[in-house]
Structure formats: structure tokens, C-alpha cells
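J.: Numbering (the numbering used here), first residue to last: 6 to 342. Even glycine gets a Cβ: it sits at the ideal position worked out from N, Cα and C.
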């Protein structure tokens, strides 16, 4: 999977891409990620320097994101978990009997378990994840805790669904994509995912999509720039990872975390802003930053009920309902192929 935020539940050590029930204090040694190297070099070569948020989530980034979900300003995780619990009976009826739950960017997170506990008619669970290690940990935990459920883990990228095969031998497949992770994708990527999911799941399939809704800028900005500086550390850790894995020489003290609300685009952006002129070297290349220049690390699009309905319908889905939480509001979109 492309790894993004919003897939943790406070009080649990579950990572977006898999189960992390305990951490030791030693940073795991990892081989350099060739995708990270190529993407970072390409992103630093753009007029607006940028890098994909999927590279936030090394072991330390995952730990820091878990901490983010505990800060009072960060509402999305707890609000969505609360909404899933409140609507559990309705979701179970929507899923129906003899069905398979296919999770995009799977987790075996607390959110997944809310659905598995409620939808007793499920006969299979298919998590899709780009990380083989995380996928196996997630699948093992689900098999252990739900022994009557057939678990068919699939390693793959949810933006390349045409290469995957859906679980067989069920009456209906139900896609599950919580966490407003779709907000981390461009509109074109979101349409690719939703269309690919429709093709993978087949006619008559259903889908449960989680999104964050537009709200007061001060609430949104606080959620992405908490007073304790946890999000700032999470953002800067991307540079720590680049230095460690790619041999880059980012000066960590020369970059500050910034969160920006783009009202016209309905999106929060996270940036790392250079506090002085400097140069960064990676694999023989030199990339210059002027004071005030930024590295764009994440976009989190927010939706209205109308805009998410339009997006889903453009991808070929029929929207059955949009369920919303108490304020600060998030939503679950229920749709049928």
C-alpha cells in the first residue's frame, strides 16, 4: 500500500499497514529503498520541491504517528472510530451475509476490528498492503483473533489494482478504505483507486469509504500542527530517514515544520521550510534551498458531502448514504457498484 496517516487508534499499538503490538528501543536496520531514492531526487528537482508522504512511515515515523493520534488536537482517528462504532449495526446490514471485506491499505487496526466484530456475516477478509512484513503481521493477528474467518492477504499497491486478484467464493465483496487516506491522493489518483476498486470487486460490490470533512481552519491547522510539536517531529523525521537510508546531508536544524490551509482547494498541506540558504547532497546530486523555500511533504484533502459524492459517482459508484459523526465531523460514504 501507499502508506498514509489516519490509520491509528489511540490506546492501541496498531500501525496503518499492520499490527505493531510492541516496539523495542532499537531502530531496525533497513536496506535503502530505491523507490525512496528515486522519488526524493525527482521531487527535489521540481520547482516546488516535494516528496510522497508514504515515506513518512519508517519505524520511527510510525511511532511518532501513534503519538500524534494521542494529542488532543488530532481528531480524525477517534472521530472515525466513534462513528464506526455508532453505525456498526447499519454497516453490518450493508455488508450482508457470505461477504468478503477487502481492505485497501489494510491494517488490522482497531477500526478494522470494529467492522469485523459487527459484520458476523463476513466469511473472508482480504487485506491489501505494499509492505510484506506488515501484511503478514496483520494477517497473522486476524487469523488468531478471528479463527472462523478466511484471511487471504495480498501484497500489492492499491494504486495498481489491475495486477491483483480479488478473493473468490463469496456472494459479495465489500471494499473498506477508512481514515480519509483518499485525501492524501490527488483527484486523478483517487479516481484511479475508486475505479480500480470497482473493477476488482466486481458488479454488485459495496464500498465503505472514510473521509474528513471541511471545517473551521483553526481546527484543521491545530490537527496538523499540535502544540506539543509531535507533528513537527513526525515531519522532520522524513529528513532523518533520508540521511540514514540514502546518505543525504539534510541539516535537521535548518528546517521548520509548517501546516498551511488552502481554502480554495479544501486541503491542508505540510511543508518543511528552510530557515537559511543551504544545499543538500544525495547520491552525487546537489539540491539548493533558498531561505523560506519549502519541501512539500503531504497534502490532506478535505471534502464536503457533495464533493465526495461527486468523486465517487465519477468513478462509477452509486452513493447510498453519507454518514457523519458529531463535530468535528468526519464521514463514512456507503456505495454500491
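Check whether the segment 324-336 touches the segment 289-297, counting contact only when three or more Cβ pairs, one atom from each stretch, lie closer than 8 Å.
T.: no
J.: Alpha carbon to alpha carbon, what distance is there between residue 132 and residue 107?
T.: Locating residue 107 in the chain shown gives position 102, counting from the first residue. Locating residue 132 in the chain shown gives position 127, counting from the first residue. The alpha-carbon atoms of residue 107 and residue 132 are separated by roughly 6 Å.
J.: What number of angstroms, rounded off, separates the C-alpha of residue 282 from the C-alpha of residue 139?
T.: Here residue 282 corresponds to residue number 277 of the chain shown, with the count starting at 1. Here residue 139 corresponds to residue number 134 of the chain shown, with the count starting at 1. Taking the straight line joining both Cα atoms gives about 39 Å.
J.: I'd like the span of the alpha helix (DSSP H) that includes residue 325, first residue to last.
T.: The sequence position of residue 325 within the chain shown is 320, counting from 1. Looking at the DSSP string, residue 325 is not in any alpha helix (DSSP H); the run it does join, the beta strand (DSSP E), is 323-329.
J.: Helix, strand or coil: which one does DSSP assign to residue 191?
T.: Position 186 of the chain shown holds residue 191. Correct three-state label for residue 191: coil.
J.: Which runs of the beta strand (DSSP E), 3 residues or longer, sit entirely within the segment 132-193?
T.: Here the runs fully enclosed are 177-182.
J.: Between 336, 185 and 130, which lies nearest to residue 88 when the distance is taken from Cα to Cα?
T.: Taking the chain shown and counting its residues from 1, one reaches residue 88 at position 83. Closest by alpha carbon: 336.
J.: To test your reading of the DSSP string, which unbroken alpha helix (DSSP H) runs of 4 or more residues are found completely within the segment 234-266?
T.: 235-251
J.: State yes or no: is the C-beta of residue 135 within less than 9 Å of the C-beta of residue 160?
T.: One-based indexing of the chain shown puts residue 135 at position 130. One-based indexing of the chain shown puts residue 160 at position 155. Contact flag set, yes.
J.: Let me confirm a value: residue 315 is counted as buried when at least 16 other C-beta atoms fall within 10 Å, else exposed. Which label applies?
T.: The residue given as residue 315 occupies position 310 in the chain shown. With fewer than 16 Cβ atoms within 10 Å of its Cβ, residue 315 is classed as exposed.
J.: So the candidates are 116, 152, 137 and 184; which of them puts its Cα closest to the Cα of residue 129?
T.: By 1-based counting over the chain shown, the position of residue 129 is 124. Closest option to residue 129, Cα to Cα, is 152.
J.: Of the residues 101, 228, 209 and 150, which one's Cα is nearest the Cα of residue 307?
T.: Translated into positions along the chain shown, residue 307 becomes position 302. Nearest option by C-alpha distance: 228.
J.: Can you tell which of 121, 58 and 70 has the C-alpha that lies nearest to the C-alpha of residue 238?
T.: Position 233 of the chain shown, counting from 1, holds the residue named residue 238. Ranking 121, 58 and 70 by Cα distance to residue 238 puts 70 first.
J.: Evaluate residue 36 with the Cβ neighbour count: other Cβ atoms within 10 Å of its Cβ, from every protein chain shown; 16 or more gives buried, anything less gives exposed.
T.: Translated into positions along the chain shown, residue 36 becomes position 31. Confidence at residue 36 is low in this model, with a pLDDT of 48, below 50, so its placement is unreliable and no value can be given for it.
J.: How is residue 53 classed by DSSP in three states: helix, strand or coil?
T.: Translated into positions along the chain shown, residue 53 becomes position 48. Here residue 53 sits in coil by DSSP.
J.: Within 8 Å, do at least three Cβ pairs link the segment 243-263 to the segment 203-213?
T.: No, the segment 203-213 does not touch the segment 243-263.
J.: Residue range of the alpha helix (DSSP H) that residue 114 falls in?
T.: If you number the chain shown from 1, residue 114 lands on position 109. Premise fails: residue 114 is in no alpha helix (DSSP H) and is neither H nor E.
J.: What are the partner residues of residue 284, as DSSP defines its beta bridges?
T.: Along the chain shown, one-based indexing puts residue 284 at 279. For residue 284, the beta-bridge partners assigned by DSSP are 293.
J.: Nearest by alpha-carbon distance to residue 177: which of 211, 170, 187 and 203 is it?
T.: Taking the first residue of the chain shown as position 1, residue 177 is located at position 172. Considering only 211, 170, 187 and 203, the residue with the shortest C-alpha distance to residue 177 is 211.
J.: Can you list, in chain order, the residues of its chain with a C-beta nearer than 8 Å to that of residue 44? Leave out the 5 residues immediately preceding and following it.
T.: Numbered from 1 along the chain shown, position 39 holds the residue referred to as residue 44. Sequence-distant Cβ neighbours of residue 44 in its own chain, meaning closer than 8 Å and more than five residues away, are 56, 57 and 60.
J.: Could you have a look at residue 314 and say whether DSSP puts it in helix, strand or coil?
T.: Residue mapping note: residue 314 aligns to position 309 of the chain shown, counting from 1. Three-state result, residue 314: helix.
J.: Give the DSSP-derived three-state secondary structure of residue 23 in the structure shown.
T.: Translated into the one-based positions of the chain shown, residue 23 becomes position 18. Because residue 23 carries a pLDDT of 31, less than 50, the predicted location of this residue cannot be relied on, and the following value inherits that uncertainty. Strand at residue 23.
J.: Do three or more CB pairs link the segment 214-229 to the segment 184-192 at distances below 8 Å?
T.: yes
J.: Is residue 305 near residue 199, with beta carbons less than 9 Å apart?
T.: Taking the first residue of the chain shown as 1, we reach residue 305 at position 300. Taking the first residue of the chain shown as 1, we reach residue 199 at position 194. No, Cβ-Cβ distance for residue 305 and residue 199 is not below 9 Å.
J.: Taking all protein chains shown into account, do 16 or more other C-beta atoms lie within 10 angstroms of the C-beta of residue 114, making it buried, or fewer, making it exposed?
T.: As a first step, residue 114 is located in the chain shown; it is residue number 109 there, counting from the start. Buried.
J.: Quick check on DSSP: helix, strand or coil for residue 306?
T.: Position 301 of the chain shown holds residue 306. Taken through DSSP and simplified to helix, strand or coil, residue 306 comes out as strand.
J.: Apart from the five residues on each side of it in sequence, which residues of its chain come closer than 6 Å, Cβ to Cβ, to residue 100?
T.: Locating residue 100 in the chain shown gives position 95, where the first residue counts as 1. Correct list, in chain order: 124 and 179.
J.: So, at 7 Å on beta carbons, what are the nonlocal neighbours of residue 257 in its own chain, with the 5 sequence-adjacent residues on each side left out?
T.: As a first step, residue 257 is located in the chain shown; it is residue number 252 there, counting from the start. Around residue 257: 241, 244 and 245.
J.: What are the boundary residues of the beta strand (DSSP E) that residue 336 is part of?
T.: Here residue 336 is taken as the residue at index 331 of the chain shown, counted from 1. Counting along the chain, the beta strand (DSSP E) containing residue 336 begins and ends at 335-341.
J.: If the criterion is Cβ atoms closer than 9 Å, does the pair residue 312 and residue 340 meet it?
T.: Numbered from 1 along the chain shown, position 307 holds the residue referred to as residue 312. Numbered from 1 along the chain shown, position 335 holds the residue referred to as residue 340. No.
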